[in-house]
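The structure under discussion appears below in the form of structure tokens.
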Amino acid sequence: MSELRINNITDRAGSSGPIIAGVSTVTSTSHMVMPSGPTEMRGGRGRGIVAGGDNPTYLSSMEFVEIATTGNSTDFGDMSEAKRNQCGASSSTRGVILGGQISPGNYATKPIEYTIISSGGGSNDFGDLTTDHVDGAGVTSEIRGFICGGLNYQNIMEFVNIATTGDATDFGDLAEPGRQLNAGCESPTRGIILGGYNGAPHPSPSSASSTIQFFTFASQGNTTKFGELTQSARNVIAVSDQTRGVRMGGYAEPAGAFTDTIDFITMASEGNATDFGNCLAAVLNGAPAQNRTRGLMMGGAAPADTNVIQFITIQSTGNATEFGDLLAVRASVPAGLCDINASNSG
729 MSELRINNIT
739 DRAGSSGPII
749 AGVSTVTSTS
759 HMVMPSGPTE
769 MRGGRGRGIV
779 AGGDNPTYLS
789 SMEFVEIATT
799 GNSTDFGDMS
809 EAKRNQCGAS
819 SSTRGVILGG
829 QISPGNYATK
839 PIEYTIISSG
849 GGSNDFGDLT
859 TDHVDGAGVT
869 SEIRGFICGG
879 LNYQNIMEFV
889 NIATTGDATD
899 FGDLAEPGRQ
909 LNAGCESPTR
919 GIILGGYNGA
929 PHPSPSSASS
939 TIQFFTFASQ
949 GNTTKFGELT
959 QSARNVIAVS
969 DQTRGVRMGG
979 YAEPAGAFTD
989 TIDFITMASE
999 GNATDFGNCL
1009 AAVLNGAPAQ
1019 NRTRGLMMGG
1029 AAPADTNVIQ
1039 FITIQSTGNA
1049 TEFGDLLAVR
1059 ASVPAGLCDI
1069 NASNSG
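In terms of this note's numbering, the sequence shown is residues 729 to 1074.
Here you go:
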């Protein structure tokens, strides 16, 4: 006997579905749950946000793009103060902006701010880091946001619980100490730290590093060496989907020049990076954003400061493509946030 399904029933003419009148009941093993709760709690729409930076004055403004499309950015609101050299981390609903520099006379700060990514209302006070941080790497799990390394070649890693407000907690240390201007990305289980600037206690002069390190979200502790980038580079950014991490641009040494190199790793296995392609131009200090398909670099210095947004398809290899333009030129490490990360359920 054939199974009778409501979507197989038509009228006599075969041109429309049935009209049901009166009281009807349905017995089914399937069900549908309608969304509930405030819009900002649903998350995961694929929005990328850039916050702060300089051009050359320090910026408090924030902008956003819809990552699945192409086009220019839209105003999002403002941070509580103008700052640069901060990093970002985000869940599917909230973004946190960690540390940064608020003026030339106050080089590193502890404040943390947060924003509701689905809104357009800027950011609010969250709490403080345990130490002053600038130029650190941001890493995200759905629960926690991390800042790794930073000013004066710190090896400190701290985290916050993104859904709450409050001060940061120590997580562990970088295995290769003395690191700033590095980049962070993530798989569902691991945080990855790529490249950066080596300083004390390493011999002078300071230099860029090719080292890739990782840590496991579920266990608090220090990083472990993962492998090497294709070149030693600092002032880099990184994006990721659930399997692949990609480094974009930076300043390469010993060549001593801006670089347009893009390389990638498979995050579940340790090993060295592989060539991916090239950025639109040699560029450093942009802001990253991603969904499960695309990675974006927003703004940066190339070597002149820029408002260009460019993107890659993470699971392919090849060169970056122009996405659009930011409203403002942004350099000196603006923060990047997004509501779909490799580690969250968006």
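Ideal Cβ positions, reconstructed from N, Cα and C, are used throughout, including at glycine.
Check: Could you tell me how far apart the beta carbons of G866 and M885 are, in whole angstroms, since I believe they sit closer than 8 Å?; Outcome: Between M885 and G866 the Cβ distance is about 11 Å, and since that is not below 8 Å, they are no contact.
Check: Spatial neighbours of T944 within its chain, please: CB distance less than 7 Å, with the 5 preceding and 5 following residues excluded, ordered by chain position.; Outcome: T917, R918
Check: Can you tell me which of the three DSSP states Q948 falls into?; Outcome: coil
Check: Would you list the residues sitting across from D853 in a DSSP beta bridge?; Outcome: E841
Check: Give me, in chain order, the residues of the same chain whose beta-carbon lies closer than 7 Å to that of G1046; leave out the 5 immediate sequence neighbours on both sides.; Outcome: G1005
Check: Using DSSP's beta-bridge definition, name the partner residues of S820.; Outcome: Its beta-bridge partners do not exist; DSSP assigns none.
Check: Would you mind reading off the limits of the beta strand (DSSP E) that contains C913?; Outcome: 911 to 914
Check: Nearest to I777 by alpha carbon, out of D1033, N1035, P1016, S1044?; Outcome: P1016
Check: Which of the three DSSP states is assigned to K953 in this structure?; Outcome: strand
Check: For a minimum of 3 consecutive residues, which ranges assigned as the beta strand (DSSP E) are wholly contained in the stretch 970 to 1003?; Outcome: 972 to 981, 985 to 994
Check: What three-state label does DSSP hand Y881 in the structure shown?; Outcome: coil
Check: Which of the three DSSP states, helix, strand or coil, is assigned to S789?; Outcome: strand
Check: Can you tell me the Cα-Cα spacing of N813 and I825, whole angstroms?; Outcome: 10 Å
Check: So, for L957: in the same chain, excluding its five sequence neighbours on each side, which residues have a beta-carbon less than 7 Å away from its beta-carbon?; Outcome: L922, G923, S938, I940, R975, D991, A1001
Check: So, for N926: in the same chain, excluding its five sequence neighbours on each side, which residues have a beta-carbon less than 8 Å away from its beta-carbon?; Outcome: Y881, E904, G906, R907, S934, S935, A936, S937
Check: Once DSSP output is grouped into helix, strand and coil, what is the label at I777?; Outcome: strand
Check: Check this for me: beta carbons of L1024 and G977, under 9 Å apart or not?; Outcome: no
Check: Does the Cβ-Cβ distance between Q959 and A946 come in under 9 Å?; Outcome: no
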